[in-house]
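S.K.: In the working numbering, the protein residues as written are -1 to 112.
Built from N, CA and C at the ideal position, the CB exists for glycine as well.
Okay, here's the structure, questions in a sec.
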Ligand code: AMP
């Protein structure tokens, strides 16, 4: 189970976020420090820490998050070229320990990432 994080507060609407999509399982909002012209975070409402903590029982939820990522990318007009990233674990760059997909686009995206 995830500890309380800033994303828990966003889910409960205790702190503001620029929400672009919401349903019963997922929330998507603009990253506060965007790394591209379009930079959304897609999170589950369930308190999952990271992809590394996911279990087989989370398969449907993880698939749903990917489809939400596609949807918000399409709605933002970047459906033809976007990147979905999740940092799992501190050494991989995870700083908020509630699973989130970064959805990035609106500029050329180099590969490999840093
Ligand atoms: P990561 O480093 O992969 O865990 O990503 C965490 C992301 O959350 C970073 O890109 C932050 O800019 C973003 N972030 C942190 N706090 C907020 C917030 N209150 N609203 C929106 N994005 C946030």
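Can you give, in chain order, each stretch of the beta strand (DSSP E) that sits fully within the segment 15 to 72 and has at least 3 residues?
M.R.: The segment 15 to 72 contains these whole beta strand (DSSP E) runs: 17 to 20, 24 to 28, 36 to 42.
S.K.: Kindly indicate which residue of 3, 66, 14 has the alpha-carbon position closest to the one of residue 22.
M.R.: The residue with the shortest Cα to Cα distance from residue 22 is 66.
S.K.: Just to confirm, are residue 40 and residue 70 a CB contact at a threshold of 8 Å?
M.R.: Taking 8 Å as the Cβ cut-off, residue 40 and residue 70 qualify as a contacting pair.
S.K.: State yes or no: is the C-beta of residue 17 within less than 8 Å of the C-beta of residue 27?
M.R.: Contact: yes.
S.K.: If you drop the 5 nearest sequence neighbours on each side, which residues of the same chain put their C-beta closer than 8 Å to that of residue 91?
M.R.: Once the five neighbours on either side are set aside, the close Cβ partners of residue 91 are 85.
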